[in-house]
Amino acid sequence: MATVLVASNRGPVSYTVRDDGSLDTRRGGGGLVSGLSAVTAEGTGDGTGGGTGGSDDTLWVCAALGDGDREAVRRGVAEPGVRMLDIPPEVYADAYNGIANSVLWFLHHHLYDIPREPVFDAAFRRRWDSYRAYNQAFADALADAAAHGAAVLVQDYHLALVPGQLRARRPDLRIAHFTHTPWASPGYLAMLPDDIHQELADGMLGADHIGFHTRAWADAFTADPSVRRADAAARVAVHPLGVDADDLLALAHRPAVDDRLAALRAEIGPGRRTIVRVDRTELSKNIPRGLLAYRELLTTRPEWHGRVVHLASAYPSRQDLAVYRAYTADVRDLAERINAEFGTPDWQPVLVSVQDDFVRSLAAYRLADVALVNPVRDGMNLVAKEIPVVSEQGCALVLSREAGAYDELRADALTVNPFDVTETAEALHRALTMTPADRADRTKRLAAAATAHPPRRWFLDQLAALRALG
Numbered sequence: 002m003a004t005v006l007v008a009s010n011r012g013p014v015s016y017t018v019r020d021d022g023s024l025d026t027r028r029g030g031g032g033l034v035s036g037l038s039a040v041t042a043e044g045t046g047d048g049t050g051g052g053t054g055g056s057d058d059t060l061w062v063c064a065a066l067g068d069g070d071r072e073a074v075r076r077g078v079a080e081p082g083v084r085m086l087d088i089p090p091e092v093y094a095d096a097y098n099g100i101a102n103s104v105l106w107f108l109h110h111h112l113y114d115i116p117r118e119p120v121f122d123a124a125f126r127r128r129w130d131s132y133r134a135y136n137q138a139f140a141d142a143l144a145d146a147a148a149h150g151a152a153v154l155v156q157d158y159h160l161a162l163v164p165g166q167l168r169a170r171r172p173d174l175r176i177a178h179f180t181h182t183p184w185a186s187p188g189y190l191a192m193l194p195d196d197i198h199q200e201l202a203d204g205m206l207g208a209d210h211i212g213f214h215t216r217a218w219a220d221a222f223t224a225d226p227s228v229r230r231a232d233a234a235a236r237v238a239v240h241p242l243g244v245d246a247d248d249l250l251a252l253a254h255r256p257a258v259d260d261r262l263a264a265l266r267a268e269i270g271p272g273r274r275t276i277v278r279v280d281r282t283e284l285s286k287n288i289p290r291g292l293l294a295y296r297e298l299l300t301t302r303p304e305w306h307g308r309v310v311h312l313a314s315a316y317p318s319r320q321d322l323a324v325y326r327a328y329t330a331d332v333r334d335l336a337e338r339i340n341a342e343f344g345t346p347d348w349q350p351v352l353v354s355v356q357d358d359f360v361r362s363l364a365a366y367r368l369a370d371v372a373l374v375n376p377v378r379d380g381m382n383l384v385a386k387e388i389p390v391v392s393e394q395g396c397a398l399v400l401s402r403e404a405g406a407y408d409e410l411r412a413d414a415l416t417v418n419p420f421d422v423t424e425t426a427e428a429l430h431r432a433l434t435m436t437p438a439d440r441a442d443r444t445k446r447l448a449a450a451a452t453a454h455p456p457r458r459w460f461l462d463q464l465a466a467l468r469a470l471g
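Using our numbering, the letters of the sequence shown map in sequence onto residues 2 to 471.
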């Protein structure tokens, strides 16, 4: 039985079926994997744990996401310390795309086109039943695997009901939930049907420790009238996630990145400044307004013609949803229009990549003179922390006041209203004209703030807080 358990939709490993029928295993990266490595090491008591798990004391419960994962579950193939749940595909699709990505994500990021959406009808109720069943599958797996008094760390809005469901089965457990997105304001969340709204709140309140990236999102949760319990505020804590400088710099200086950096420099042309953004084509990232701000910069400040290039990496996101496909197409089309309007035979104003290309993104980080991070609403937006750590010449950060990283980085960033294109264009000009000394000083302070809570420390701090509850 495990004494430390982590639950998340995506796990630390994935499988694909090779042509010969064998399974190919791919280990994931990112903060959760790094964090669990720390939890594993800490849980063993000797500091020897690591990888994706493996200690008898720890278990990561996740969903089988694709055919390869499901085949691995059916064959009984499993990584040490990892348990995948083969949830029926139709239930998973309704829970993940129908509720988590199409309802909860839109609510927490305030993204709905209110005259048309949302519509909470019988089809929504059917999908919510699937979301409840998907969460119950996690709760049951955790309840069956946890030792008495074990610590359980549940991750993100996909699993918002798990704490309450798990508490009903195992009141002896110490349960934490961390939300990696914003939390919707009470008025926005009140669009949910009353019973669903209350079920969501009760699910979260099953946790002993409820974490958010920022105080703003924590306050939004405790201000919700559906969070009625007197001790609710005492359970809520803020744990901002940072980056691991050593790991990030090692990734950014691999030979493949060096090669891509050389290619980008040739494509940009000598002596030109760079404005860099790296995002998924996610509706909350505000990519079109960022492009419009760059267009306004070129319109109102013609002295930048031929002297600056906007490097935009926009990874396709959730392309199985029509609204995301349309958004991705809009980003590509707007970039093409800017190039057609301002470009010359030897200068392409926007170099946009609408594909998943992490090597290109790391190369762009190293090139960045200016980083543009302008979400309309975001849980953390780690790219605002990553670019100052990696940028070789130092970078000026243009940062939305709605980014989760705003509170930590605002003192040394040029902050903007993400809806104000003119203000953003002026901030880009200020960033491009910042003195080298000012830019270097700001970058140093931004990097220090960005690395103050690396993933391992972030995860262990939450585990320590949970255990301190007794």
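Note that beta-carbon positions come from the ideal geometry of N, C-alpha and C, so glycine has one too.
Distance, Cα to Cα, residue i vs residue j?
{"i": "R411", "j": "G243", "result": "15 Å"}
{"i": "V92", "j": "A138", "result": "11 Å"}
{"i": "E427", "j": "R117", "result": "34 Å"}
{"i": "G380", "j": "V391", "result": "22 Å"}
{"i": "R255", "j": "L249", "result": "11 Å"}
{"i": "Y158", "j": "H181", "result": "7 Å"}
{"i": "N102", "j": "V228", "result": "23 Å"}
{"i": "F121", "j": "A140", "result": "26 Å"}
{"i": "D357", "j": "T434", "result": "31 Å"}
{"i": "T300", "j": "L293", "result": "10 Å"}
{"i": "W459", "j": "L383", "result": "14 Å"}
{"i": "L252", "j": "A231", "result": "46 Å"}
{"i": "R290", "j": "L464", "result": "39 Å"}
{"i": "L400", "j": "T275", "result": "16 Å"}
{"i": "T45", "j": "L6", "result": "Residue confidence is low: T45 scores 41 on pLDDT, short of 50, so the model does not pin down where it sits. Its coordinate-derived value is still stated next. When rounded, the distance between both Cα atoms is 13 Å."}
{"i": "V1", "j": "V360", "result": "Past the boundaries of the shown model lies residue 1; the chain is included only from 2 to 471, so the question cannot be answered."}
{"i": "M440", "j": "R126", "result": "It is worth fixing the name first, because residue 440 is Arg in this sequence and not Met. Going by the C-alpha atoms only, they are around 52 Å apart."}
{"i": "A96", "j": "R28", "result": "25 Å"}
{"i": "L160", "j": "G12", "result": "13 Å"}
{"i": "A267", "j": "D247", "result": "28 Å"}
{"i": "M2", "j": "G82", "result": "11 Å"}
{"i": "L201", "j": "F107", "result": "15 Å"}
{"i": "T436", "j": "H149", "result": "59 Å"}
Does residue i pass the burial test, meaning 16 or more other C-beta atoms within 10 Å, or should it be called exposed?
{"i": "I115", "result": "exposed"}
{"i": "S9", "result": "buried"}
{"i": "M1", "result": "As shown, the chain starts at 2 and ends at 471. That puts residue 1 outside it, with no answer to give."}
{"i": "T444", "result": "buried"}
{"i": "H109", "result": "buried"}
{"i": "G272", "result": "exposed"}
{"i": "Q320", "result": "exposed"}
{"i": "L415", "result": "buried"}
For residue i, name the three-state secondary structure that DSSP assigns.
{"i": "R229", "result": "coil"}
{"i": "I115", "result": "coil"}
{"i": "M205", "result": "helix"}
{"i": "S15", "result": "strand"}
{"i": "H454", "result": "coil"}
{"i": "S401", "result": "strand"}
{"i": "D25", "result": "strand"}
{"i": "I88", "result": "coil"}
{"i": "W106", "result": "helix"}
{"i": "L470", "result": "coil"}
{"i": "S9", "result": "coil"}
{"i": "L60", "result": "strand"}
{"i": "H181", "result": "coil"}
{"i": "A79", "result": "coil"}
{"i": "L410", "result": "helix"}
{"i": "F213", "result": "strand"}
{"i": "T436", "result": "coil"}
{"i": "R431", "result": "helix"}
{"i": "V384", "result": "helix"}
Near residue i, what residues of its chain come up, given a Cβ to Cβ distance below 8 Å and the 5 sequence neighbours on each side ignored?
{"i": "R84", "result": "L60, W61, V62, C63, A142 and A146"}
{"i": "D47", "result": "Bear in mind that the predicted position of D47 carries a pLDDT of just 37, short of 50, making it unreliable; the figure below should be weighed with that in mind. Correct list: empty, nothing qualifies."}
{"i": "E74", "result": "A small correction: the amino acid at residue 74 is Val; Glu does not occupy that position in the sequence shown. Counting only Cβ-Cβ distances below 8 Å, and skipping sequence neighbours, we find A65, M85, L86 and D87."}
Within the continuous beta strand (DSSP E) that includes residue i, where are the two ends?
{"i": "L252", "result": "Not the beta strand (DSSP E): L252 falls in the alpha helix (DSSP H), residues A246 to A253."}
{"i": "I276", "result": "R274 to R281"}
{"i": "A161", "result": "Unbroken run through A161: none, as it is neither H nor E."}
{"i": "A142", "result": "Note, A142: premise wrong, no beta strand (DSSP E); alpha helix (DSSP H) at A123 to A146."}
{"i": "Y316", "result": "V309 to Y316"}
So does residue i have its beta carbon nearer than 7 Å to some heavy atom of the ligand MN?
{"i": "I269", "result": "Judged by which ligands are present, the structure shown has none, so any question about the ligand MN falls away."}
Can you name, in chain order, every residue of its own chain whose Cβ lies under 7 Å from the Cβ of residue i, other than the five neighbours on each side?
{"i": "H430", "result": "L298 and R302"}
{"i": "A466", "result": "H210 and A238"}
{"i": "W184", "result": "H109, F213, W218, A221 and F222"}
What residue range is occupied by the uninterrupted alpha helix (DSSP H) comprising residue i?
{"i": "Y366", "result": "F359 to L368"}
{"i": "T301", "result": "I288 to T301"}
With a threshold of 6 Å on Cβ separation, who are the neighbours of residue i within its own chain once the five nearest residues in sequence on each side are excluded?
{"i": "P317", "result": "T282 and T329"}
{"i": "Q349", "result": "N340"}
{"i": "V277", "result": "L312, A365, A369 and A372"}
{"i": "E304", "result": "none"}
{"i": "A224", "result": "P187"}
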